[in-house]
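Q:
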Amino acid sequence: MTHAHPTPDQPLKIGTRGSPLALAQAHETKQRLMAAHGLPEAAFEIMVIKTTGDDRTLIDADRPLKEIGNKGLFTKEIEEAMVEGRIDIAVHSMKDMPTVQPDGLTLGCYLPREDTRDAFVSHKAQGIADLPSGAVVGSSSLRRRAQLLNKRPDLKVVEFRGNVQTRLKKLQDGVAECTFLAMAGLNRLGMSEIATGGIEPEDMLPAIAQGAIGIEWRIADDVTAELLAPLHDTPTGHRLAAERAFLAALDGSCETPIAGLALIEGDEIWLRGEILRPDGSQKLATEGRALLADGAALGRELAAELRGRAPAGFFDWM
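Under our numbering, the residues of the sequence shown are numbered 285 to 602, in order.
Listed below in C-alpha cells is the structure:
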C-alpha cells in the first residue's frame, strides 16, 4: 500500500481462516480499525484462506493434528499469501501461532485478551469430577488430553476435531459424553451459554496465549504498522511475551502438551507453566514472578527450570 489509509478503491486486505470464530475475529479487527481511524467498512476486505488444518476430510476423519503437521497447520497458507502480497494483514488465534515467524513477517499487535479459561461442555455432567469411570471425552488437544488423564486416568479420550459447531454436533450425536472448548471462542461467537461451566486455571491451566488475537503484517510495511498501532493492547503484549518465551524454550509444536498463563500484578508479571507427558502419566509445574519488562526472560528461566527437574526419559517422546 502506498497511501496513508486504505480506501474503498484500495482496501486493506485482511487474511483469515474461514471458520465462524476466525471470521468473527477478523470482523472484530476490521471494526476496531474503522473506529480507530474513522474509516468506512468498504476500506477493508476480508479474504478467506483455506489452511491445511481446515481440510474437511481430515476433520471428518478426526485425524490427530500431529499426524498432519505441526503448529503451522492453521497459519502456513495465510502467511504465504501475505509474503506474496495477496493480503496486507493476517488475523490469528494466538494459541495457533508458531513462536517464530517466516522471514519478512512480524507479529506485534494484540487485541485485548478475552477469557483464558477452558470451557467444559456436556449434556450429561456438570464437570470433570462428575464424569463416571470410563466415560468417553472428546478432544483433539494434546494439552487437554494429557491434563485430563493426569487427573482422571480412568477416562477414555477420543479425537474430536473441527470448529466449535462441528464439535458440538459430534457431542449431540453421542460420540463423547463431554468436550472442551475455549471460553474466549464461545464469548466471541455469542455462544457462552453452551458452556456447562468454565474451568479455573488452578484445575486446568490453559494453552499458551489462549484467548488472544494477534495481527501479523510485513516487516517492511511501515504504513500498515502505523495503522495497527492504536489497536495494540500493551497488557496483553506483556503477558504473551512471557508465555510465548516459555513455549519457545520448551518446544512449541503441536506435539507437546504445554500449558501456561501469565497475569499482571502491579508492575510485575506472574507466570505459571507446566509440561506433561502425552499420556498424562507425569506432570511438571512451575511458577515465578518478575518485572513486566523481564517477562520473556522469566519465561525462558522457568522453561530451563522444568528441563532441569525433568526425570530421565521424560522428553523421550519429543
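The C-beta atom is built at its ideal place from N, Cα and C for all residues, glycine as well.
Run through the region 417-505 for me and flag every whole beta strand (DSSP E) of 3 or more residues, listed as ranges in chain order.
A: Here the runs fully enclosed are 420-422, 440-442, 462-466, 481-483 and 497-502.
Q: By how many angstroms is the C-alpha of A496 removed from the C-alpha of G474?
A: Cα to Cα, the separation comes out at about 17 Å.
Q: I'd like to know whether the C-beta atoms of L609 and E589 end up nearer to each other than 8 Å.
A: Residue 609 falls outside the range modelled here, since the chain spans only 285 to 602, and no answer is possible.
Q: Can you give me the Cβ contacts of R635 inside the same chain, cut-off strictly under 6 Å, excluding the 5 residues immediately before and after it?
A: No answer is possible for residue 635: it lies beyond the span of the chain, which begins at 285 and ends at 602.
Q: In three-state DSSP terms, what is I362?
A: Helix, per DSSP.
Q: T598 bridges to which residues according to DSSP?
A: The amino acid at residue 598 is misidentified as Thr; the sequence shows Phe. None, per the DSSP bridge assignment.
Q: Can you tell me which residues form a DSSP beta bridge with D402?
A: A466 and I483.
Q: Please list, in chain order, all residues of the same chain as T291 whose beta carbon is under 7 Å from its beta carbon, the five residues on each side excluded.
A: Excluding sequence neighbours, T291 sits near A327.
Q: Identify, in the order they occur along the chain, each residue of the same chain with its Cβ nearer than 8 Å to the Cβ of M331, setting aside the five sequence neighbours on each side.
A: Counting only Cβ-Cβ distances below 8 Å, and skipping sequence neighbours, we find K297, I298, G299, T300, A365, R370 and I371.
Q: Which residue wins for smallest C-alpha separation from P519, given the options G564, L547, D438 and M378?
A: Looking at the Cα atoms, L547 is the closest of the given residues.
Q: Starting from the C-beta of P386, find all residues in its chain whose C-beta is less than 6 Å away, skip the five residues before and the five after it, and write them out in chain order.
A: Excluding residues within five positions, the ones whose Cβ falls inside 6 Å are E363.
Q: My output table needs one value for K297: the three-state DSSP class, helix, strand or coil.
A: It is a strand residue.
Q: Among S423, A493 and T313, which has the Cα closest to the Cα of V441?
A: Of S423, A493 and T313, the residue nearest in Cα terms is S423.
Q: Whole angstroms are fine: how far does the CA of P295 sit from the CA of F358?
A: C-alpha separation (whole angstroms): 24 Å.
Q: Roughly how many angstroms separate the alpha carbons of Q494 and S377, rounded to a whole number?
A: Their Cα atoms are separated by approximately 8 Å.
Q: Using 8 Å as the cut-off, can you tell me whether the region 562-571 makes contact with the region 426-437, which would need three or more C-beta pairs spanning the two stretches below that distance?
A: These segments touch.
Q: Determine whether the Cβ of L545 lies closer than 8 Å to any Cβ atom of chain D.
A: Checking the listed chains, one finds no chain D in this structure; it contains a single protein chain.
Q: On a CA-only basis, which of R573, L568 and A581 is nearest R593? Give me that one, please.
A: Ranking the options by Cα distance to R593, first place goes to L568.
Q: Which residue from D380, R573 and T390 puts its Cα closest to that of T336?
A: The residue with the shortest Cα to Cα distance from T336 is D380.
Q: Starting from the C-beta of L573, find all residues in its chain whose C-beta is less than 6 Å away, skip the five residues before and the five after it, and write them out in chain order.
A: Per the sequence shown, residue 573 should be read as Arg rather than Leu. Result list for R573: E552 and W554, in chain order.
Q: Taking DSSP as the reference, what is the three-state secondary structure of E325?
A: Three-state DSSP puts E325 in a helix.
Q: Within 10 angstroms of the Cβ of S417, are there 16 or more other Cβ atoms? Answer buried if so, exposed if not.
A: Classification for S417: exposed.
Q: What three-state label does DSSP hand E368 in the structure shown?
A: Reduced to three states, the DSSP call for E368 is coil.
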